[in-house]
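Heads up: the structure comes next, in structure tokens.
Encoded structure:
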């Protein structure tokens with residue numbers, strides 16, 4: 001699968017301290033795969049945010 005990291009995505013990944021490996025893992029092995037209202041595929045999985053010390057959901061569209 002061809003994954004495109006736009007400038008906006010790179011900015012948000014840096015701001016939220018999310019690395020490319022985590023994003024690729026969610027796309028390749030999502031816990032959930034949904035179809036959005038405008039027919040976009042949404043991949044999502046839980047992950048543990050070490051900085052915030054909490055489990056979070058990463059959603060990739």
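Numbering (full-length UniProt numbering), first residue to last: 1 to 61.
Ideal Cβ placement from N, Cα and C applies to all residues, glycine included.
These numbers come from a predicted model, not from an experiment.
Open item on the list: In the DSSP output, what is residue 22 paired with across the bridge?
Closed with: The residue given as residue 22 occupies position 22 in the chain shown. None, per the DSSP bridge assignment.
TODO: Can you tell me which of the three DSSP states residue 59 falls into?
DONE: Against the chain shown, residue 59 aligns to sequence position 59. Residue 59 falls in the strand class under three-state DSSP.
Open item on the list: So, at 8 Å on beta carbons, what are the nonlocal neighbours of residue 35 in its own chain, with the 5 sequence-adjacent residues on each side left out?
Closed with: Start at 1 with the first residue of the chain shown, and residue 35 comes out as number 35. Once the five neighbours on either side are set aside, the close Cβ partners of residue 35 are 41 and 42.
- [ ] Give me whichever residues DSSP pairs with residue 41 in a beta bridge.
- [x] Residue mapping note: residue 41 aligns to position 41 of the chain shown, counting from 1. 35.
Task: Collapsed DSSP secondary structure at residue 54 in the structure displayed - done: Along the chain shown, read from residue 1 onward, the residue named residue 54 stands at position 54. If DSSP states are grouped into helix, strand and coil, residue 54 belongs with the strands.
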